[in-house]
Amino acid sequence: MPKKVYLANGKRKTSIAKAALKQDGSGRIFLNKVPHDVLPEMIHRELINELIYLIGKEIIEKVDIYVTMSGGGKMSQINAARTAIARAVVNYKRSSRLRSKIQDYDRTLLSGDARHNEPKKFGGPGARARKQKSYR
Numbered sequence: 075m076p077k078k079v080y081l082a083n084g085k086r087k088t089s090i091a092k093a094a095l096k097q098d099g100s101g102r103i104f105l106n107k108v109p110h111d112v113l114p115e116m117i118h119r120e121l122i123n124e125l126i127y128l129i130g131k132e133i134i135e136k137v138d139i140y141v142t143m144s145g146g147g148k149m150s151q152i153n154a155a156r157t158a159i160a161r162a163v164v165n166y167k168r169s170s171r172l173r174s175k176i177q178d179y180d181r182t183l184l185s186g187d188a189r190h191n192e193p194k195k196f197g198g199p200g201a202r203a204r205k206q207k208s209y210r
């Protein structure tokens with residue numbers, strides 16, 4: 075019987091992450107071909123480990139997950155990767171209990187985070203700030 079591969083995407087700001095979950099693995103998670111436990115930033119490792127703890131080690135130890143990230147900054151790439159991993163695991167398990175557990179903890183892990191940076195407009199230094207008037 076061939077091994078199944080479950081694909082999922084995650085987005086955050088301008089970052090895109092694509093996850094491929096392969097059955098009969100040994101619990102390895104690779105982010106851009108780098109194992110998740112040797113990422114240089116501790117906060118990035120902790121965000122991925124938080125997701126592993128939430129899903130459950132017994133589920134993660136049976137699969138291998140390969141994530142490809144592009145665009146945006148490092149933090150938004152990690153958040154996009156978390157979304158892609160969570161979606162791939164939910165597709166793999168097809169468990170409504172796991173889905174509701176993830177949604178109760180952090181809704182953006184499955185539904186995504188639609189917030190973007192607002193573009194700057196004319197007449198001021200930023201998106202909302204405007205020049206002050208003092209003639210009254």
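Numbered according to the numbering used here, the sequence shown spans residues 75 to 210.
Glycine included, each C-beta is placed from N, C-alpha and C at the ideal position.
Look at the alpha carbon of Asn106 and the alpha carbon of Ile152, and state the distance between them as a whole number of angstroms. What you label residue 106 is simply residue 32 of the sequence shown in a count that begins at 1. What you label residue 152 is simply residue 78 of the sequence shown in a count that begins at 1. Put simply, the backbone Cα of Asn106 is about 11 Å away from that of Ile152.
Rounding to the nearest angstrom, what Cα-Cα distance links Arg225 and Gly146 in this structure? Any property of residue 225 remains undetermined from this structure, which presents the chain solely from 75 to 210.
Count the other CB atoms within 10 Å of the CB of Met143; is the residue buried (16 or more) or exposed (fewer)? Working through the sequence shown from its first residue, we reach residue 143 at position 69. Met143 is buried by the Cβ-count criterion.
Fully enclosed by the segment 113–174, which beta strand (DSSP E) runs are 3 residues long or longer? For the segment 113–174, the full-length beta strand (DSSP E) segments reaching 3 residues or more read 137–144 along the chain.
Tell me which same chain residues have a C-beta within less than 6 Å of the C-beta of His110, skipping the five on either side of it? Stepping through the sequence shown from its first residue, residue 110 is reached at position 36. So the list reads Ile103, Ile122, once near-sequence residues are dropped.
If you draw a straight line from the C-alpha of Glu124 to the C-alpha of Ser208, how long is it? Sequence index remark: in the sequence shown, residue 124 carries index 50 (1-based). Sequence index remark: in the sequence shown, residue 208 carries index 134 (1-based). When rounded, the distance between both Cα atoms is 51 Å.
Proximity winner among Lys175, Tyr166, Glu192, Ile133, relative to Ser100 (alpha-carbon distances): Stepping through the sequence shown from its first residue, residue 100 is reached at position 26. When the alpha-carbon of Ser100 is set against those of Lys175, Tyr166, Glu192, Ile133, the nearest one is in Ile133.
With H, G and I counted as helix, E and B as strand and the rest as coil, what does DSSP make of Asp98? Position 24 of the sequence shown, counted from the start, is the residue given in the question as residue 98. Here Asp98 carries a coil assignment [DSSP, helix/strand/coil].
Compute the Euclidean distance between the alpha carbons of Glu212 and Gly197, then round it to the nearest angstrom. Limits of the chain in this structure are 75 at one end and 210 at the other, which puts residue 212 out of reach.
Short of 7 Å in beta carbon distance, which residues of its chain neighbour Ala160, apart from the five on each side in sequence? Order them along the chain. For the purposes of this step, residue 160 is identified with residue 86 of the sequence shown, where counting begins at 1. Excluding residues within five positions, the ones whose Cβ falls inside 7 Å are Leu125, Ile176, Leu183, Leu184.
Alpha carbon to alpha carbon, how far is Asp187 from Ser150? Taking the sequence shown and counting its residues from 1, the one referred to as residue 187 is at position 113. Taking the sequence shown and counting its residues from 1, the one referred to as residue 150 is at position 76. Going from the Cα of Asp187 to the Cα of Ser150 covers about 10 Å.
With distances taken from CA atoms, which of Ile129, Gly200, Ala201 is nearest Arg168? Start at 1 with the first residue of the sequence shown, and residue 168 comes out as number 94. Checked all of Ile129, Gly200, Ala201; the closest Cα to Arg168 is Ile129.
From the DSSP secondary-structure annotation, give me the bridge partner or partners of Phe196. For the purposes of this step, residue 196 is identified with residue 122 of the sequence shown, where counting begins at 1. The partner list for Phe196 (beta bridge, DSSP) is empty, contrary to what the question assumes.
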